[in-house]
Amino acid sequence: MSNWQQILQPIDEEYLIGLTNKGIVKRASKDLEQAACTLKEEGDKLVVQVDEALCTLEELIGDSKCSCPSRSICKHIVIAVLYAKDKLQREEKTGREEKTETDNALFPSILEYPLPKLKAVLGDKKYQNFCNRVKQGIYPVIKTGTTVTVEFKDADIKVRLLNPIEHSSCSCHKKDLCQHKAEAILYFQLKEGKVTLPDLEKETLDSRDIDLNGMKQLAGYIQELLTQQIVTGLARSSPSITDTLERTAILCHNGNLAEFERKLRELKEEYEHYFNRSASFCADSLLHKICQLYRMSKRLLLTEDKLEAASLAGEFRVEYLPAGTLTLLGMGQRQFHSKTGYEGETYYFLEETTQEWYTYTNARPVYYDTKNRAGQGEKGRAPWQLLCSLEELSEGRIMLYNGKASLEHRLSATTEAKAEYFGRADIDLKNYKKQYYEDFLKLYEERIKNSWLKEEQGTNENLNQLEQMVLIKPASIKNAVFDAIRQQYSMELYDTANRMILLQIAYSKKENYTIRFLERLARRIEKGVVEVPCFFGILYKEEGKLKLYPIHYFNEPA
Numbered sequence: 004m005s006n007w008q009q010i011l012q013p014i015d016e017e018y019l020i021g022l023t024n025k026g027i028v029k030r031a032s033k034d035l036e037q038a039a040c041t042l043k044e045e046g047d048k049l050v051v052q053v054d055e056a057l058c059t060l061e062e063l064i065g066d067s068k069c070s071c072p073s074r075s076i077c078k079h080i081v082i083a084v085l086y087a088k089d090k091l092q093r094e095e096k097t098g099r100e101e102k103t104e105t106d107n108a109l110f111p112s113i114l115e116y117p118l119p120k121l122k123a124v125l126g127d128k129k130y131q132n133f134c135n136r137v138k139q140g141i142y143p144v145i146k147t148g149t150t151v152t153v154e155f156k157d158a159d160i161k162v163r164l165l166n167p168i169e170h171s172s173c174s175c176h177k178k179d180l181c182q183h184k185a186e187a188i189l190y191f192q193l194k195e196g197k198v199t200l201p202d203l204e205k206e207t208l209d210s211r212d213i214d215l216n217g218m219k220q221l222a223g224y225i226q227e228l229l230t231q232q233i234v235t236g237l238a239r240s241s242p243s244i245t246d247t248l249e250r251t252a253i254l255c256h257n258g259n260l261a262e263f264e265r266k267l268r269e270l271k272e273e274y275e276h277y278f279n280r281s282a283s284f285c286a287d288s289l290l291h292k293i294c295q296l297y298r299m300s301k302r303l304l305l306t307e308d309k310l311e312a313a314s315l316a317g318e319f320r321v322e323y324l325p326a327g328t329l330t331l332l333g334m335g336q337r338q339f340h341s342k343t344g345y346e347g348e349t350y351y352f353l354e355e356t357t358q359e360w361y362t363y364t365n366a367r368p369v370y371y372d373t374k375n376r377a378g379q380g381e382k383g384r385a386p387w388q389l390l391c392s393l394e395e396l397s398e399g400r401i402m403l404y405n406g407k408a409s410l411e412h413r414l415s416a417t418t419e420a421k422a423e424y425f426g427r428a429d430i431d432l433k434n435y436k437k438q439y440y441e442d443f444l445k446l447y448e449e450r451i452k453n454s455w456l457k458e459e460q461g462t463n464e465n466l467n468q469l470e471q472m473v474l475i476k477p478a479s480i481k482n483a484v485f486d487a488i489r490q491q492y493s494m495e496l497y498d499t500a501n502r503m504i505l506l507q508i509a510y511s512k513k514e515n516y517t518i519r520f521l522e523r524l525a526r527r528i529e530k531g532v533v534e535v536p537c538f539f540g541i542l543y544k545e546e547g548k549l550k551l552y553p554i555h556y557f558n559e560p561a
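Okay, structure coming up:
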């Protein structure tokens with residue numbers, strides 16, 4: 004009977020509730036005192052007589068049978084298990100101490116459940132959403148005892164995982180392996196280290212049509228093209244290079260190299276600026292784009308890993324994923340006008356807990372509308388069922404529930420999300436040390452010094468922009484001037500060690516108001532009317548200098 008002692012020893016009330024329900028277990032515990040029970044072993048089974056019912060206990064308790072009409076785990080089987088466990092423990096003569104630790108004797112079937120089968124239950128879309136939640140660190144509550152209990156609090160779902168899996172239960176009441184059970188198994192396997200995030204992503208890639216050889220052929224062609232351009236030199240380049248780059252971008256589109264297509268079109272645009280003698284042409288920018296694209300091609304040629312290849316290739320469509328509950332602080336907004344016929348505003352938020360940046364874009368098509376509609380967007384209604392304007396949202400504090408965001412932290416206006424507005428944000432900036440800088444040397448070392456490594460790693464450009472958003476508190480300002488020749492406004496920002504960052508903004512109709520505002524601010528600082536504020540903007544390096552594109556400023560940083 005020693006084998007049965009090991010089988011029954013870890014079984015407790017929690018495990019039995021997972022097999023049936025709390026009511027039956029409570030009733031069985033009470034009736035056990037009055038029940039007439041006998042026990043005998045037949046082969047690998049235990050046969051327990053419980054009053055008039057005959058129960059046959061299997062090693063997998065969930066497969067046990069009873070002579071009563073019930074087809075599921077009934078009260079008699081629960082009584083039989085409790086009686087057998089008690090009797091065998093009392094008969095045990097070795098006197099060994101009862102284990103207090105939970106061992107995984109009940110969990111092998113959970114840990115070994117095949118990943119492809121779980122993916123098939125979820126389907127491609129739900130499986131991808133699951134992977135993205137894992138990437139964002141969104142996990143349910145997992146409790147391990149004689150059963151594995153997984154609580155999805157956002158969905159109000161509780162799953163109890165038992166051995167075998169078929170006997171597991173879910174509060175959605177589905178008997179088969181449902182979505183919740185599949186996710187619960189995956190989360191438990193992740194917790195125990197049985198699977199890892201790369202394993203999950205590899206399973207996604209295995210189901211995708213990734214032609215690694217075709218991608219490498221395109222990467223080799225791009226390398227040859229870029230090498231030829233470097234050897235030829237800019238002065239001797241033919242205007243036909245723009246057509247060549249466009250054709251190559253189309254090849255990349257057909258070859259599912261989304262990021263390469265984008266980079267090629269950016270490079271084509273830079274060459275067009277050169278041939279059109281545009282004032283916005285910058286030779287350094289052209290060289291940077293060529294080198295960046297060359298490094299991406301080189302990495303794609305060298306890799307044999309489909310996961311790395313897919314990361315380098317990028318995706319054509321922005322996918323919005325569950326982001327959980329976010330506490331967002333409005334940090335300002337700026338207007339944009341794209342060459343694809345859209346204009347609108349981008350709103351910037353700082354997440355209070357993680358201190359990470361998020362953006363929300365309100366875009367409108369302007370193909371046929373040439374009227375000046377400045378300010379229309381800011382007065383529009385905010386998303387997420389909020390009863391405030393977008394302008395109020397840009398400086399407010401909100402709590403966003405069931406929100407969705409891309410991997411680049413772009414927020415979706417999904418109607419499934421709901422938010423609460425708590426009025427204008429009272430921000431104590433010094434509390435956000437992850438983004439707030441007074442020491443410009445520290446800023447350089449943490450944000451700029453190794454930024455080239457991120458390019459080597461193929462980091463998404465939109466994510467790079469988020470990483471370069473900063474809050475800068477200068478000790479003083481100097482030389483706030485508008486250059487009429489270059490048509491740009493600049494202001495020198497200095498820290499206490501006299502290190503400088505150049506605030507710079509090019510003139511345009513959209514930026515005219517911002518420039519005038521900064522000019523008034525500089526005059527008031529020089530007169531001592533106001534303190535030097537904290538600037539929020541996008542940090543970048545150009546012409547050997549650290550520069551800041553300003554988005555907003557705060558008069559009273561803490």
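Using this note's numbering, read the sequence shown as starting at 4 and increasing by one per residue. Note that beta-carbon positions come from the ideal geometry of N, C-alpha and C, so glycine has one too.
C-alpha distance - residue i paired with residue j, whole-angstrom precision
i: I244; j: L446; result: 39 Å
i: E545; j: K301; result: 25 Å
i: G317; j: K129; result: 20 Å
i: I160; j: C181; result: 12 Å
i: Q295; j: I225; result: 12 Å
i: S314; j: M299; result: 11 Å
i: M218; j: R265; result: 15 Å
i: E449; j: K146; result: 39 Å
i: E104; j: E441; result: With a pLDDT of 42 at E104, under the threshold of 50, the predicted position of this residue should be treated as unreliable, and no value is reported.
i: K481; j: L496; result: 7 Å
i: E100; j: S73; result: Note that E100 scores 44 on pLDDT, short of 50, meaning its location in the model is unreliable; the coordinates nonetheless yield the value given after this. Rounded to the nearest angstrom, the two C-alpha atoms are 37 Å apart.
i: T247; j: L310; result: 29 Å
i: T199; j: L125; result: 18 Å
i: E1; j: Q192; result: Any question about residue 1 goes unanswered here, given that the chain covers just 4 to 561.
i: A282; j: P242; result: 18 Å
i: K437; j: E355; result: 11 Å
Cutoff 8 Å: residue i Cβ touching any chain B Cβ
i: L506; result: The structure shown has no chain B; it contains just one protein chain.
DSSP state of residue i mapped onto helix, strand, coil
i: H3; result: For residue 3 there is no data in the structure shown, the boundaries of the chain being 4 and 561.
i: T245; result: helix
i: V124; result: helix
i: A187; result: helix
i: V533; result: coil
i: Y435; result: coil
i: I141; result: coil
i: F284; result: coil
i: P72; result: coil
i: H340; result: strand
i: P119; result: helix
i: A509; result: strand
i: H412; result: coil
i: C255; result: helix
i: T330; result: strand
i: Y566; result: Residue 566 lies beyond the residue range present for the chain, which begins at 4 and ends at 561; the question has no answer from this structure.
i: D159; result: coil
i: K102; result: Because K102 carries a pLDDT of 42, less than 50, the predicted location of this residue cannot be relied on, and the following value inherits that uncertainty. Reduced to three states, the DSSP call for K102 is coil.
i: P201; result: helix
i: L35; result: coil
i: A385; result: coil
i: F110; result: coil
i: C134; result: helix
i: C77; result: coil
i: A478; result: coil
i: T417; result: coil
i: S300; result: helix
i: I430; result: coil
For residue j and residue i, believed in contact at Cβ under 8 Å, the rounded distance
i: Y350; j: P368; result: Their Cβ separation, rounded to whole angstroms, is 19 Å, which puts Y350 and P368 out of contact at 8 Å.
i: I475; j: Y492; result: In fact, because the Cβ distance is near 17 Å, the residues do not count as touching under 8 Å.
i: K78; j: D127; result: With a Cβ gap of about 43 Å, K78 and D127 do not count as contacting.
i: T517; j: M402; result: No, T517 and M402 are not in contact; Cβ-Cβ is about 30 Å, not under 8 Å.
i: Y424; j: L393; result: About 12 Å; that fails the 8 Å criterion.
i: K122; j: E206; result: 6 Å
i: L221; j: C255; result: 6 Å
i: K513; j: H340; result: 7 Å
i: L42; j: L49; result: 7 Å
Residues that DSSP places opposite residue i in a beta bridge
i: I504; result: L496
i: L57; result: Q52
i: G65; result: DSSP output for G65 lists no bridge partner at all.
i: K544; result: L549
i: P325; result: K407
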